[in-house]
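Residue numbers for the sequence shown follow UniProt numbering, beginning at 1 and rising by one.
Below is one structure; the comments refer to it alone.
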Amino acid sequence: NRKDFINRLASNVQKVLHDFPDLKIQTHHDRMHILLNGTPFEPVNDRLKVVFGIQTYSPVIKTEKSLEAIEKTALELMQATYKAGMTFKVNTRRSDHKFIYDTNQLTQMVADYLYNHMEG
Numbered sequence: 001n002r003k004d005f006i007n008r009l010a011s012n013v014q015k016v017l018h019d020f021p022d023l024k025i026q027t028h029h030d031r032m033h034i035l036l037n038g039t040p041f042e043p044v045n046d047r048l049k050v051v052f053g054i055q056t057y058s059p060v061i062k063t064e065k066s067l068e069a070i071e072k073t074a075l076e077l078m079q080a081t082y083k084a085g086m087t088f089k090v091n092t093r094r095s096d097h098k099f100i101y102d103t104n105q106l107t108q109m110v111a112d113y114l115y116n117h118m119e120g
């Protein structure tokens, strides 16, 4: 049963992350959100790598719901992580399907913004 699996997975995640009191774990259908609340990502990342049943996970940064805020946040993330010679891909998922831009438009606009504002 999928629900039982998700509940067991959430329990296992809580067990490996119990040393981080500021974390908040939320489950939504087949997704799990771990709010860091100031906790550094790397130690959490290291612990999540050993949890059986996690297929994939991605760090996420919450931002305002405007194109300008999304572009600014994406640029800050790229500047913090990009190294010469790396390639990148922009992939968007909208939780608010009433947002003014559809997924393809948003992906294209953010990718163009990053391409035009990154050095190198």
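C-beta atoms are modelled at their ideal positions from N, C-alpha and C, and glycine is treated no differently.
Collapsed DSSP secondary structure at residue i in the structure displayed
i    : result
Q55  : coil
R94  : coil
H28  : strand
H18  : coil
I61  : coil
I34  : strand
F99  : coil
P43  : helix
T73  : helix
L67  : helix
F88  : coil
L9   : helix
Y115 : helix
Per-residue burial, residue i [other beta carbons within 10 Å of its own, 16 or more giving buried]
i    : result
I54  : exposed
V50  : exposed
L106 : buried
Residue-chain proximity (residue i, chain B), Cβ-Cβ < 9 angstroms
i   : result
I70 : Judged by its chain identifiers, the structure shown contains no chain B, having just a single protein chain.
Anticipated Cβ contact below 8 angstroms, residue i with residue j, distance rounded
i    : j   : result
T103 : R93 : 7 angstroms
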